[in-house]
Amino acid sequence: MKKYIVTLTDTERQTLKALTSTGRGAARRLAHARILLKADQGLTDEAIAQAVEVSRPTVERVRKRLVEESLEAALDPRRTERPRARRLDGHQEAQLIALACSVPPAGQLRWTLRLLAEKMVELEYVDSLSYETVRRTLKKTN
Numbered sequence: 000m001k002k003y004i005v006t007l008t009d010t011e012r013q014t015l016k017a018l019t020s021t022g023r024g025a026a027r028r029l030a031h032a033r034i035l036l037k038a039d040q041g042l043t044d045e046a047i048a049q050a051v052e053v054s055r056p057t058v059e060r061v062r063k064r065l066v067e068e069s070l071e072a073a074l075d076p077r078r079t080e081r082p083r084a085r086r087l088d089g090h091q092e093a094q095l096i097a098l099a100c101s102v103p104p105a106g107q108l109r110w111t112l113r114l115l116a117e118k119m120v121e122l123e124y125v126d127s128l129s130y131e132t133v134r135r136t137l138k139k140t141n
């Protein structure tokens with residue numbers, strides 16, 4: 000027994016058909032549009048999943064998002080709501096910038112991202128640090 004029954008209006012159906020007929024757009028968005036069109040036709044979740052080449056839980060999630068939220072919400076991927084924890088606080092960022100502006104170690108022409116990350120750990124400003132975090136931090140300070 001399906002809990003979320005998809006019934007599209009004529010406008011929604013035309014929008015989805017136009018979206019899928021052009022074939023231009025994000026692959027996930029097009030797949031979700033095809034899922035909704037097939038669900039509106041009354042196909043089972045297994046048949047839809049097989050036709051669109053997605054998993055059955057994907058079909059269930061798209062169907063649920065259409066009924067509970069909206070057509071746009073069902074087409075677009077859900078944004079993550081959890082905030083990312085910052086690896087460096089303001090003081091540590093200042094230490095990194097000062098280190099990057101200082102003279103590079105002996106035998107080096109300039110600081111590399113990996114050298115900066117290793118030096119931050121060596122000076123015990125942080126326990127561990129990725130060169131990618133160093134890159135992002137320095138990029139936002141330009």
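One point on numbering: in numbering that gives the first Met the number 0, the residue at position 63 of the sequence shown is 62, and numbering is uninterrupted. Each residue gets a CB set at the ideal place from its N, CA and C atoms; glycine is no exception. Since the model is a prediction, treat every value here as computed from it, not as a measurement.
8 Å or more divides the Cβ of Val61 from the Cβ of Ala48. Apart from the 5 residues on each side of it in sequence, Thr140 sits with its Cβ closer than 7 Å to the Cβ of Ile96 in its chain, given in chain order. By the Cβ neighbour-count rule, Ile4 is exposed, with fewer than 16 other Cβ atoms within 10 Å of its own.
Note that the C-beta distance between Leu36 and Leu15 is below 8 Å. Residue state for Ser20 is assigned as helix, using DSSP reduced to three classes. Rounded to the nearest whole angstrom, the CA to CA distance from Leu65 to Arg81 is 23 Å. Here DSSP, grouped into helix, strand and coil, assigns Leu87 to coil. Under the DSSP assignment, Ala105 falls outside any alpha helix (DSSP H); it carries neither an H nor an E label. Take Ser54, set aside five residues on each side of it, and the residues of its chain with a beta-carbon closer than 8 Å to its own are Ala48, in chain order. Inside the stretch 100-140, DSSP marks whole alpha helix (DSSP H) runs of 4 or more residues at positions 112-121, 130-139, from first to last along the chain. Note on Leu74: 16 or more other CB atoms within 10 angstroms of its CB, so buried under the neighbour-count rule. With contact defined as three or more Cβ pairs closer than 8 Å, the stretch 16-35 and the stretch 87-102 are not in contact. Judged by DSSP in its simplified three-state form, Asp75 adopts coil rather than helix or strand.
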